[in-house]
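If you're matching positions, the sequence shown starts at 5 in my numbering and goes up one per residue.
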Amino acid sequence: MFGGIRDRLFRFQKHSRNTRNEFFGTHPSLPVSEDILDPPAAGRSSRPTESLIDPPPTTTPSSRSVVIKPSETANQDISLLEKSVDHSHPHKDHPIHHPTPPRSFFSSSSLAVHPNVETAHSSSEEDLRMPNIKVFSGSSHPDLSTRICERLQLEVSKASLKKFSNKETNVEIGESVRGEDVYIIQSAAGEINDNLMELLIMINACKIASSCRVAAVIPAFPYARQDKKDKSRAPISAKLVANMLSVAGADHIITMDLHASQIQGFFDIPVDNLYAEPAILKYIKESIPNWQSSVIVSPDAGGAKRVTSIADRLNVDFALIHKERKRANEVEKMTLVGSVEGKVAILVDDMADTCGTICMAADKLVEAGAEKVYAFCVHGIFSGPALTRLNASKFEAVVVTNTIPQDENMKKCPKIQCIDISMILAEAIRRTHNGESVSYLFSHVPIC
């Protein structure tokens, strides 16, 4: 047994010596001491070693401290030495490098002591990316998901979203999410009920796949207008949606401009309600001429708080339109409170659905003497006859964000313009993942 161990030790010593010789190049003027390379153990003869390896040359005690220098006459050895030197090494100007023992003799932890330049370069690029995060996209708004991931320097994680022949939703997560922070982007666009069910299934699939946290990024929250019981036997559907998201396994909700901020109280989990107001302010200052003499107008009493906030930050006046509805999506009459004569009127609302309200408001403002009328809405739903009404309206422009896809709407109505809010959502995801505060985003647009 001990003989086998001894033989393997001798072969390892011989292999180490050959490795050094190949690296430095052997030369008669470079003596190598046997005792230095392989000192014998105490009380043990060195004869077996001498029988297995070549006998070393006779050296004097002073030869053990010789400084190794390449011989001037050994041109061949010098060329071999230059070829063996890795020019990417950080000490490439030094003429001699210590050899690295074979990789098989290192453990995975000890390899970190001898870093490779290429490995360090690639690892520095990986350090720029956020670890332990996966961002999935639902089928409602893939373009927004792609924009968010580009700003985060990530790729959209793989997921298969299909429907069976009976219209049931089928979700397959295409990569491991164990121990990861998962963010699922799904907006209230298109087939809202199908997309909501798809979001719930994706949340549950990631949760039972041992993900660390699951956050639902919902730029436009579904059923947000059904937030109170305004008549007998009316459901509070926003509360029902909140319960469904919590039961599915969501740990965090990120949304934008809820129709009513009290919807946050429907959840027992953290909710970050972001605002498009900073992006709207930036657009007004950059794109609307004579905005300093404008008037910010709310189309209903519910948006008075939103309008006064924008008016205060622009240091301009504000006005209010009181409307009386006969039924949903149908307004009976409107009354203007405030003066817009000779000024630019800017209507601000959280969403534009059938656009009957804002088109009637535009007519009312023009009758009151407004020079130009603009509309800013965070969520451009544009259902039913909305696009036809906008084309025939007196608006200079109707500006919305891309919380809902707007490509097709912009083709059909040239008055529609779009503000990209992907940088706000991307920064919110980054700050949430890193445990930072998101309150900065309530008043600033991230610099991208």
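Positions of the beta carbon are idealized from the N, C-alpha and C atoms, including for glycine.
- Boundaries cannot be given for V320, as no beta strand (DSSP E) includes it and DSSP labels it neither H nor E.
- For the pair of segments examined, the region 283-303 was found not to touch the region 257-266: the number of CB pairs separated by less than 8 Å stays below three.
- Around the beta carbon of R434, 16 or more other beta carbons sit within 10 angstroms, so the residue counts as buried.
- With fewer than 16 other Cβ atoms inside 10 Å of its own Cβ, V251 counts as exposed.
- Counting along the chain, M260 sits inside the beta strand (DSSP E) bounded by residues 256-260.
- Between I177 and S426 a beta carbon distance of about 23 Å is seen, past the 8 Å cut, so the two are scored as non-contacting.
- Between G253 and K211, the C-beta spacing is below 9 Å.
- Non-local C-beta neighbours of L204 in its own chain, meaning closer than 8 Å and more than five positions away in sequence, comprise M248, L249, A252, ordered along the chain.
- Inter-segment contact for the region 221-239 and the region 186-199 is present: three or more beta-carbon pairs are separated by less than 8 Å.
- By the neighbour-count criterion, in which a residue is buried when 16 or more other Cβ atoms sit within 10 angstroms of its Cβ, E159 is exposed.
- Within its own chain, the residues whose Cβ lies closer than 7 Å to the Cβ of I273, once the five positions on either side in sequence are excluded, are S250, A254, D255, H256, I257, listed in chain order.
- In this structure, DSSP gives R434 a helical state, which the three-state scheme calls helix.
- Three or more pairs of CB atoms, one per stretch, sit closer than 8 Å, so the region 295-303 contacts the region 344-352.
- Excluding sequence positions up to five before and after A308, its CB lies within less than 7 Å of the CB of S302, L324, all in the same chain and listed in chain order.
- Straight-line spacing of the CA atoms in M364 and K416 works out to 21 Å.
- Taking a contact to require three or more Cβ pairs closer than 8 Å, the region 181-194 and the region 136-155 qualify as touching.
- Rounded to the nearest whole angstrom, the CA to CA distance from V221 to H326 is 33 Å.
- Note that the C-beta distance between L148 and L429 is below 9 Å.
- With a cutoff of 9 Å on beta-carbon distance, A242 and I207 are scored as not near each other.
- Uninterrupted beta strand (DSSP E) stretches at least 3 residues long and entirely within the region 178-235 occur at 185-189, 217-222, given in chain order.
- Rounded to the nearest whole angstrom, the C-alpha separation of L391 and E371 is 22 Å.
- A356 counts as buried, since at least 16 other C-beta atoms from the protein chains shown sit within 10 angstroms of its C-beta.
- Ranking S214, G346, P223, N438 by CA distance to the CA of Y279 puts P223 first.
- Residue range 411-416 is occupied by the alpha helix (DSSP H) that includes K416.
- For M355, the uninterrupted beta strand (DSSP E) segment begins and ends at 348-356.
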